[in-house]
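Residue numbers (the working numbering): 1 to 62. Heads up, the beta-carbon is just placed ideally off N, CA and C, and yes, glycines get one too.
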C-alpha cells in the first residue's frame, strides 16, 4: 500500500505545473500582506514589500 501511495504522490507532484506551485506559495503571502496593510503607520509599506516579493516569486520560470 505504501508503494502505491508513493507513486500517486509522485504523479501528482509531477503533474502540478509551475503556475499552481507558485500560487500555492504566493497566495498566503498576499493574504498576510492584506492583513498587515491594516496596521496604521507601516502597514502599506509592508504590504507593498510583500506584494513585490510575491510578484517576483510569480515570475520564477518553473
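Three or more pairs of CB atoms, one per stretch, sit closer than 8 Å, so the region 49 to 56 contacts the region 29 to 38.
Here DSSP, grouped into helix, strand and coil, assigns residue 40 to coil.
Note on residue 14: under 16 other CB atoms within 10 angstroms of its CB, so exposed under the neighbour-count rule. Distance from the CA atom of residue 34 to the CA atom of residue 61, rounded to whole angstroms, is 25 Å.
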